[in-house]
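First up is the structure itself, then whatever we jot down about it.
Numbering (my numbering), first residue to last: 35 to 506.
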């Protein structure tokens, strides 16, 4: 049997089984649906890792396995499985049918897998839509919450613009080359004449605009804070971690595959957006008191460093950064899901006051995650940023432009300590007012396992891989 079919079989089987479980008018088996979804995701991730090899093609070239794509597929499926595990119990608080929510997540996971392994333009667009539409649904899933409704509609309307831009870019790319297979497009553009290259550059512009929007790098990030603010933490654990990692992976694949011969065109665009993201993201984050909005702008800043790894043509630094970024996001949403009351989420910085007194271990774990976001030494966040900077400096073809952007990103990263310190200050130094109660409660076992695993990885991931491999 086709290895790609085997790898997807557990995921499709889990999806089909959840459709049966979800047919009941009442959500009678939320734990069973969670276990089915997690098993399907992890089994598919394991089969991708064990059965697929770089260079394999399937379905007439619709799937093309690359080293980066294979690693991203495993990472995205693993992050999605952890997000499903986190959502068990929390979904009751936001009044969402757990089985229906997991059906949407598994549909999205099929898109993630296809996006990471796509080998032609048709598969790319179908996979792009297969992650986009479920993302809109997840953000607006809490129908009784007006903020979630607003977030879902806003994401849908603006996301449709991104999809149109992406389709236009793929259409112009096909028109310029007459090919849909990514390797064939790369060969055609490497030998193209001036007229063909002009059309290809137009296609590149549309594709970059679409992917910059989807990854929310500046100046395409204006929608992000509003969508974060209205979405549940369960939705953000999917949309802000595996989905974002997969789209950054698509950007890496396209720029170093079909558009590799246009490097002189796309590299300045990446550096410009990286510099803008580092500066604008930090400036806007400094003014935030709401946690979702603060970390929305923090995501913009992290996007700057990911763009540096893409521009530097370093798959090792890129994979390390998106792995660390995905884990940081997962741990953050796990902590926020566990905090709060059965009727209210943690929303403001002030909601973190007193956590260290009531739950010192939870405060310590959350502090590790925040310090990793800040890039403090001995955390995975520091190693990831260090790898991005070294890869950019070693990219000799970029000259002074790369060095300038690296300096801007580093200065902005230092400035980010101001708002990350505010979180730590509220955790450890700001006491609760007399007579009030902290929102923190005990973590559920599923949340505790994921939270502890993420914190441990953020502390040890830097030392699990040989440092020279990060800069290759």
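Ideal Cβ positions, reconstructed from N, Cα and C, are used throughout, including at glycine.
Everything numeric in this text was worked out from a predicted model, so none of it was measured.
- DSSP places residue 456 inside the alpha helix (DSSP H), whose first and last residues are 451–462.
- Excluding its 5 nearest sequence neighbours in each direction, residue 451 has C-beta neighbours in its own chain below 8 Å: 408, listed in chain order.
- Judged by DSSP secondary structure, residue 219 falls within the alpha helix (DSSP H) whose first and last residues are 216–224.
- Non-local C-beta neighbours of residue 464 in its own chain, meaning closer than 6 Å and more than five positions away in sequence, comprise 387, ordered along the chain.
- Of the candidates 281, 181, 205 and 202, 181 places its Cα closest to the Cα of residue 259.
- Under the 8 Å Cβ criterion, the region 393–402 does not count as touching the region 434–453, having fewer than three qualifying pairs.
- Going by C-alpha positions, residue 323 is about 6 Å away from residue 382.
- A straight line joining the alpha-carbon of residue 334 with that of residue 341 spans about 11 Å.
- Minimum Cα-Cα distance from residue 265 among the listed residues 76, 149, 493 and 325 corresponds to 325.
- With fewer than 16 other beta carbons inside 10 angstroms of its own, residue 441 counts as exposed.
- Inter-residue distance for residue 207 and residue 384 is about 50 Å (C-alpha atoms, whole angstroms).
- Cβ contact annotation for residue 240 (same chain, cutoff 6 Å, sequence separation greater than five): 199, 202 and 203, in chain order.
- Per DSSP, residue 164 is one residue of the alpha helix (DSSP H) stretching across 155–173.
- Around the C-beta of residue 276, 16 or more other C-beta atoms lie within 10 Å, and the residue is accordingly described as buried.
- Under DSSP, residue 92 takes part in a beta bridge, and its partners are 97.
- The beta carbon of residue 123 lies closer than 6 Å to those of 478 in the same chain, with the five residues before and after it left out.
- Around the beta carbon of residue 256, fewer than 16 other beta carbons lie within 10 angstroms, which makes this residue exposed.
- The Cβ neighbour count for residue 438, taken over all protein chains shown within 10 Å, is under 16; the residue is labelled exposed.
- Judged by DSSP in its simplified three-state form, residue 252 adopts coil rather than helix or strand.
- As a beta-bridge residue in DSSP terms, residue 324 pairs with 382.
- One Cα belongs to residue 213, the other to residue 154, and the distance between them is close to 9 Å.
- A residue is called buried when at least 16 other Cβ atoms come within 10 angstroms of its Cβ; residue 229 does not meet this threshold and is exposed.
- According to DSSP, residue 152 shares a beta bridge with 97.
- Only residues of its own chain outside the window of five on either side were considered, and among them 44 have a CB closer than 7 Å to the CB of residue 77, listed in chain order.
- Excluding residues up to 5 positions away in sequence, 109 lie with their Cβ nearer than 7 Å to the Cβ of residue 357 in the same chain.
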